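In terms of mature numbering (1 follows the signal peptide of the UniProt record, and there is no 0), the sequence shown is residues -21 to -1, 1 to 298. Beta carbons: idealized from backbone N, C-alpha and C, even for Gly. A quick note: this is a predicted structure, and the numbers were derived from the prediction, not measured. Okay, so here's the structure we're looking at.
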Amino acid sequence: MVSFRSLCLLAAASVLSTATASSIRRDAKPWLNAHDATQGLAVDVGSGTEIIVISANAGAGSSTKYYNNQAMAAGAIHNVTVGGSAGLVYSPSSINAAVGDIVQFIFEAKNHTVTQSSFATPCEKIVGGFDSGFMPNPDGSMNPPPMLQFQVTTSTPIWMYCAQTGHCGQGMVFSINPTAAKSQAAFLSAAKAQNGTSASGAAGAAGAASSASSGVALAGAASSSAAAISAATPASVAQGSGTMSNGGVCSCSCLCGAAQFPAGAGLGMMGGMGGELAMIAAAPAPSALTPPGTPSAPATPGAATPPAAAGKRALKRAL
């Protein structure tokens, strides 16, 4: 038989256990285990003090996961649509929030994030920053859509962006409490300049212009070199032969030594001298019984290709 004293002791132990458990729940940091795959969430609440994550929901009837109690009495609620019919933007793209206000993000079509960055590098997550993780809603039909809310705990500016590939560079950035010196417009411009298609497009255009200029310069230099060679080459150089095909591709040969060309001509110049002269110089000298310019005999099937002929084909491919 249980005595009255025993019952009192059991009751006291139960109360103490409940109080201790409540104290543990209040002091625990549930955001340390924020990644909850069973609920389709991968929230990183970070270690900053600018915001405190309250809750998140993966949408379509999923259960809401609570990460923390409000740090203070809730103020106004700001609803921000992420993506959707407006495109790769947050709507609105900027808000002014007082300390204690709640910001609630509604994730519409596609697969976006809300990730904390800095004004200087809009598309890079800051160390210890908050990240909602990807909140997929591919065709925008999830009802209700994915949601995340946090409480603002500072009056200083807070900068965020979408970490989906290419989205930030196209202007998908968001700010809380921007200032005149550090405005949302400047933040947006920096995101596009550092990571957007405008920067790569400008670089590509500059590269194309540089290539075009280089091509013109090379063409001009080649023409000048060809003219100098034509004017300075002595008459004793043997007449060569060549054929021109459609598109300006030529296959030509000349039975003359490299020493007969003027200084600066020869290797690296236009007209195939780089390919032809190197091959001819390595080939045996023509027989004294064979007049210069005499066509060579047809090649025997299966025989090795003469060096000069190989040079012609290599030249034709290179040009």
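- Per DSSP, the unbroken beta strand (DSSP E) holding lysine 89 starts and ends at 89 to 91.
- Shown here, leucine 67 sits in coil according to DSSP, grouped into three states, outside any helix or strand.
- Cβ neighbours of glutamate 103 within its own chain (closer than 8 angstroms, five residues either side excluded): Ser96, Ser97.
- In this structure, the alpha-carbon of threonine 133 lies about 19 angstroms from that of serine 72.
- At a Cβ-Cβ threshold of 8 angstroms, phenylalanine 166 and leucine 127 do not count as neighbours.
- Counting every other CB atom within 10 Å of its CB across the protein chains shown gives tyrosine 69 a total of 16 or more, marking it as buried.
- A residue is called buried once 16 or more other Cβ atoms fall within 10 Å of its Cβ, and asparagine 75, having fewer, is exposed.
- A straight-line Cα-Cα distance of about 10 angstroms links glycine 38 and glutamate 87.
- Counting only the Cα atoms, valine 78 lies some 16 angstroms from threonine 158.
- The secondary-structure analysis by DSSP pairs serine 154 across a beta bridge with Ser73, Trp138.
- Fewer than three Cβ pairs drawn from the segment 42 to 58 and the segment 140 to 150 lie within less than 8 angstroms of each other, which leaves the two stretches out of contact.
- With a contact defined as Cβ atoms closer than 8 angstroms, proline 136 and isoleucine 105 miss out at about 13 angstroms.
- Across the set Asn174, Asn122, Phe129, the C-alpha of Asn122 shows the shortest separation from the C-alpha of serine 41.
- Taking the C-beta atoms as reference points, glutamine 130 is found nearer than 8 angstroms to isoleucine 30.
- Annotation: the continuous alpha helix (DSSP H) that includes serine 168 extends over 163 to 174.
- Here DSSP, grouped into helix, strand and coil, assigns glutamine 128 to strand.
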